[in-house]
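This is how it looks when you write it as structure tokens:
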């Protein structure tokens with residue numbers, strides 16, 4: 001065979017030959033054409049580079065020069081055998097041999113031998129330098145052995161391989177220790193062997209493998225079963241293994257027994273739960289929450305965003321104490337929409353902000369957090385028994401302070417915080433209700449002593465009927481009523497009548513006597529106060545406005561309210577909102593106001609002692625209660641009503657009032673109005689010995705007050721009454737049937753009254 005040089009003189013090469021030579025020299029493998037005598041007929045540039053020869057230097061050399069000396073004899077034998085093999089095919093043999101470079105270096109090679117068709121006895125050898133591959137294989141073997149030994153030595157982790165169907169292929173000592181199976185008994189078993197029958201029935205093992213195959217990795221925690229049937233809490237990481245074409249080759253499983261850790265976490269959470277649940281005071285609970293969180297994760301700034309159904313906003317409460325001047329108020333209202341807390345509240349998922357460059361939240365960071373220089377944080381949903389309560393929010397002034405693991409731990413803690421907050425809120429509602437009921441009980445007990453001062457509105461006069469008609473008209477409407485009238489005319493009874501005729505009749509009627517409460521305490525009485533709001537405020541107190549929520553508040557003697565308190569009362573009339581003393585929390589109430597006064601409010605407005613805007617707010621519907629002297633026809637009816645009332649109460653058998661006594665009562669001007677009449681009848685019932693009411697002589701409260709035209713003073717009425725009785729007894733004072741007996745007094749007492757009134761026998 002002719003020896004061919006692949007780099008001959010260019011002038012002797014045809015274009016076709018030049019193209020062939022370029023093609024052969026461009027092949028990355030070494031090409032050697034060997035004739036039957038074993039001489040190299042052709043070698044490309046790669047063969048010359050691999051074996052270290054100059055261009056065209058290999059042509060004509062025996063192939064054995066490329067074989068190490070110790071293998072040359074064997075090589076000659078193999079080459080002779082090769083030509084004696086009739087069915088080698090187009091790729092006769094692939095061998096892994098040793099090659100020798102020109103400098104004597106021995107290195108591994110892979111040789112593919114192929115006979116040259118049409119050239120009897122010639123063989124084409126394709127040679128590859130296997131040095132790099134062998135090094136890699138050796139390194140891989142070492143690495144695999146090292147990994148095998150590490151896996152075998154790891155006793156705290158179960159590490160094993162699964163085939164694509166989920167069957168166990170490898171088993172380490174840690175897996176045997178944790179699960180209790182030896183390798184010989186578990187190789188080839190399915191992953192479901194380690195799950196409970198219920199979990200296997202639900203397809204949980206297959207679902208885990210499917211998720212890992214799709215996502216690449218899945219991490220779960222749950223109860224697993226040992227060989228002896230005992231359970232343990234395991235953390236499992238399943239990782240799918242794919243080839244470069246995406247074909248699933250199997251899975252690696254790394255499993256830890258974390259039963260003790262779970263028990264420790266549960267004990268820790270139980271301790272925190274007990275601590276939190278023992279705090280039934282909301283303000284003390286906030287401090288306990290902050291302390292509990294610090295056991296899990298440190299922070300710079302913590303808040304609790306509690307959803308307020310009335311305002312449909314978050315009430316932001318600081319959980320930790322701080323003296324920073326730039327801190328926001330202890331409690332503020334913030335909108336739900338567009339805030340990170342609102343996002344976590346609406347989605348029910350925690351929101352993590354690591355503060356990494358380019359990181360974006362789904363919503364804008366609130367300005368008050370920017371003022372706090374917050375660089376990272378998280379918002380954790382809080383759930384109560386009946387749904388979402390709000391969010392627990394933790395912040396740091398350094399980026400990256402919170403991780404996904406922190407959020408997981410804090411979410412577990414948030415479950416306990418939600419329960420504790422739910423309990424504290426329920427306790428606060430019950431406490432407020434109890435306080436409300438207790439205070440309402442005191443009010444009602446006081447009302448029982450005063451409510452039935454008149455029992456009911458008694459009378460048939462035109463003046464009274466006109467007033468009652470006005471009240472009947474305005475009662476169903478929530479308009480404010482201002483009742484005007486003299487003391488003792490029955491303004492409170494009229495207010496109660498308005499309440500009883502209104503849709504609020506099933507709710508509380510709360511009375512406040514503005515004239516009997518010191519000015520310094522009236523604000524607390526009306527609006528309530530928080531614990532510590534002022535000296536002596538040892539507990540929270542609910543005000544009368546809260547007690548009257550959805551009911552009626554009766555402000556008696558409203559003209560006595562101090563000027564500085566009138567503006568706060570005006571705000572409630574306008575906005576239905578106020579704050580307790582010592583609190584920044586706004587309370588919204590639904591209260592119908594009925595006010596009463598015996599003073600001329602227009603004169604108080606003119607003198608600057610009463611706000612004009614408050615006066616106009618109160619006098620939406622003014623009602624004037626007529627004095628008793630303007631309804632004399634009602635006096636006999638009232639007298640008999642009071643007689644029946646007090647005779648029954650005092651167990652006296654008094655059934656009638658003498659006509660002359662009724663006439664005397666009609667003629668009196670009654671400056672104390674119905675209340676004065678009531679007291680007079682009560683005293684008469686006490687002093688009357690028989691079945692007929694005997695009105696005793698008495699010193700009138702307003703004896704020196706001039707009577708209106710056509711009226712008489714109570715002294716005159718008393719004198720006329722005694723004179724009439726003396727005339728009827730023909731001047732007899734003592735003894736049976738005498739004046740003293742008829743008047744229900746001792747003889748000496750009557751003589752004393754006669755001298756005081758200037759009555760003598762000549763007067764008869």
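Numbering (my numbering), first residue to last: 1 to 764.
Think of the CB as a built atom: it goes at the ideal place given N, C-alpha and C, for glycine as much as any other residue.
Everything numeric in this text was worked out from a predicted model, so none of it was measured.
For residue 465, which three-state DSSP category applies? Reduced to three states, the DSSP call for residue 465 is helix.
For residue 673, does the count of other Cβ atoms within 10 angstroms reach 16, so buried, or fall short, so exposed? Around the beta-carbon of residue 673, 16 or more other beta-carbon atoms lie within 10 Å, marking it buried.
Could you check what DSSP says for residue 287 in three-state terms: helix, strand or coil? DSSP places residue 287 in helix when its eight states are reduced to three.
First and last residue of the alpha helix (DSSP H) that includes residue 497? 491-500 is the extent of the alpha helix (DSSP H) around residue 497.
Look up residue 345 in the DSSP assignment and say whether it is helix, strand or coil. Here residue 345 sits in helix by DSSP.
Based on Cα-Cα distance, which residue from 67, 546, 389 and 557 lies nearest to residue 490? Ranking 67, 546, 389 and 557 by Cα distance to residue 490 puts 557 first.
Sort 574, 210 and 180 by Cα distance to residue 224 and report the nearest one. Closest in C-alpha terms to residue 224, from the list 574, 210 and 180, comes 180.
Would you check if there are 3 or more beta carbon pairs closer than 8 Å linking the segment 618-629 to the segment 649-658? They do not touch, by the three-pair rule.
Suppose only complete runs of 3+ residues qualify. What are the beta strand (DSSP E) ranges in the segment 645-671, listed by chain order? Fully enclosed beta strand (DSSP E) runs of 3 or longer: not present.
Considering only C-alpha positions, which residue in the set 478, 363 and 662 is nearest to residue 643? Looking at the Cα atoms, 662 is the closest of the given residues.
C-alpha distance - residue 353 paired with residue 340, whole-angstrom precision: Whole-angstrom Cα-Cα distance: 10 Å.
Cutting at 6 Å between CB atoms, please list the residues of its own chain near residue 205, excluding the five before and the five after it. Exclusion of the five residues before and after residue 205 leaves 191, 192 and 195 as the residues of its chain whose Cβ lies within less than 6 Å of its Cβ.
Under 8 Å between C-beta atoms of residue 458 and residue 634: Yes, they are a contact pair.
Assuming the contact rule is C-beta atoms closer than 8 Å, residue 582 and residue 529 should be a hit. Round their C-beta distance to whole Å, please. Contact flag correct, Cβ pair sits at about 6 Å.
Going by CA-CA distance only, name the one from 169, 314 and 189 that's closest to residue 251. Selected option, being the one with the closest Cα: 169.
Leaving out five residues before and five after residue 300 in sequence, what residues of the same chain have Cβ atoms less than 7 Å from its Cβ? Excluding sequence neighbours, residue 300 sits near 395, 396 and 397.
C-beta contact flag for residue 350 and residue 380 at 8 Å: Yes, the pair counts as a contact, with Cβ atoms nearer than the cut-off.
Can you give the Cα-Cα distance for residue 765 and residue 392, rounded to whole angstroms? What the structure shows of the chain is the stretch from 1 to 764, and residue 765 is not part of that stretch, so it cannot be assessed.
Apart from the five residues on each side of it in sequence, which residues of its chain come closer than 6 Å, Cβ to Cβ, to residue 560? So the qualifying residues of the chain are 514 and 515.
Would you check if there are 3 or more beta carbon pairs closer than 8 Å linking the segment 675-694 to the segment 644-653? As far as the Cβ criterion goes, the segment 675-694 touches the segment 644-653, which means the pair count is three or higher.
Using DSSP bridges, identify the partner residues of residue 40. Beta-bridge analysis with DSSP links residue 40 to 34.
Residues sharing a beta bridge with residue 393, DSSP: For residue 393, which the question treats as bridged, DSSP gives the partners 303 and 379.
Suppose contacts are defined by Cβ-Cβ distances below 8 Å. Is residue 510 in contact with residue 554 by that definition? Closer than 8 Å, so yes.
Using CA atoms only, rank isn't needed, just tell me which of 544, 298 and 418 is closest to residue 305. Taking residue 305 as reference, the option from 544, 298 and 418 with the minimal CA-CA separation is 418.
Could you spell out the range, first to last residue, of the alpha helix (DSSP H) harbouring residue 173? From DSSP, the alpha helix (DSSP H) with residue 173 extends over 173-179.
By the 10 Å Cβ neighbour count, where 16 or more other Cβ atoms means buried, how is residue 174 classified, buried or exposed? Under this definition residue 174 is a buried residue.
Could you check where the alpha helix (DSSP H) with residue 751 kicks off and where it finishes? From DSSP, the alpha helix (DSSP H) with residue 751 extends over 747-757.
What does a CB cutoff of less than 8 Å around residue 243 pick up in its chain, not counting 5 residues either side in sequence? Answer for residue 243: 249, listed in chain order.
Starting from residue 257, follow the beta strand (DSSP E) in both directions and report where the run begins and ends. Per DSSP, residue 257 belongs to the beta strand (DSSP E) from 248-257.
Measuring CA to CA, which of 468, 653 and 58 is closest to residue 689? Nearest option by C-alpha distance: 653.
Secondary structure at residue 636, three-state DSSP: helix, strand or coil? The three-state secondary structure of residue 636, taken from DSSP, is helix.
Short check: CB of residue 208 to CB of residue 238, under 8 Å? For residue 208 and residue 238, yes; Cβs fall inside 8 Å.
Check whether residue 551 and residue 580 have beta carbons under 8 Å apart: Their beta carbons are not under 8 Å apart, which means residue 551 does not touch residue 580 by this criterion.
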